[in-house]
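Residue numbers (full-length UniProt numbering): 1 to 175.
C-beta atoms are modelled at their ideal positions from N, C-alpha and C, and glycine is treated no differently.
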Amino acid sequence: MLGSWSSIVDPIQLAEAGAGLSGELPLHGLARLVALCRDDDGSVTIDLQFERNPIDGRRSIRGTIDARVNVVCQRCMESMTLVLSMRPRILVLNASERDELAEGGNALVVERPITLGTLIEDELLLSIPMVPMHAVENCGTERVPALRLNSKSGRAGKKQANPFAVLATLKRSDR
């Protein structure tokens, strides 16, 4: 069971014991994540299993992390809810096993016990889109003039002025 975001855990010991952590904690304890959100309402649901593979002895963390966060749509600047749902599978290595780290592998090198919140927050930060936006049909784009002009309804019946028309008149006046 989870205590709080500041709970100190040792992933290596938890994997050796085959322990699991599950529960729900408030979003407001994750400062870096909240800085990207519109508010700190909501919670994060966690179900993580720490395990050691009996065949090769490798330790890993697997499970689910689910959260709902309110962010600002970068197209219409209105609030939107993002559902973050991930299924992490993280290899847990101690400092002496660092050489076993495979290229492109998702691994956590542990030299000392870590804060649970840091581990979870890192996973959540990696899952947030770089530019969060509503789907176009759900976006409040009627308040964004540039998007109205580029829409098909905005172009219908209007002939665009040629920005080089002034140059044509100057060229004719030189003769």
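Gly154 - DSSP class collapsed to helix/strand/coil: Legend: pLDDT at Gly154 = 49, less than 50; position of this residue unreliable, value from coordinates given subsequently. Three-state result, Gly154: helix.
Proximity of Val92 and Ala35 at Cβ, strictly below 8 angstroms: Taking 8 angstroms as the Cβ cut-off, Val92 and Ala35 do not qualify as a contacting pair.
Sufficient close CB pairs (3 or more, under 8 angstroms) joining the region 76-88 to the region 110-117: Short answer: they don't touch.
Inter-residue spacing [alpha-carbon to alpha-carbon] between Asn162 and Ala168: Roughly 10 angstroms separates the two Cα atoms.
For Ser6, three-class secondary structure by DSSP: Ser6: coil per DSSP, three-state reduction.
Gly63 (DSSP reduced to helix, strand or coil): Note: Gly63 maps to strand in three-state DSSP.
Same chain, Cβ closer than 7 angstroms to Ser127, neighbours up to 5 away in sequence not counted: A distance below 7 angstroms between beta-carbons, with the five flanking residues on each side excluded, links Ser127 to the following residues of its chain, in chain order: Leu84, Met86.
Nearest-angstrom Cα separation, counted from Gly117 out to residue 177: Residue numbering for the chain in the displayed model covers 1 to 175; residue 177 lies beyond these limits and cannot be assessed.
C-alpha distance - Glu24 paired with Thr45, whole-angstrom precision: When only Cα atoms are considered, Glu24 and Thr45 end up about 4 angstroms apart.
Distance between Gln160 and Val109 (C-alpha atoms, nearest Å): Their backbone Cα atoms lie some 59 angstroms apart in a straight line.
Interface flag, Trp5 vs chain C, CB-CB below 8 angstroms: The displayed structure is made up of one protein chain only, and chain C is not part of it.
CA-to-CA distance, Asp66 to Leu72, given in whole angstroms: In the sequence on display, residue 72 carries Val and not Leu. Cα to Cα, Val72 sits roughly 19 angstroms from Asp66.
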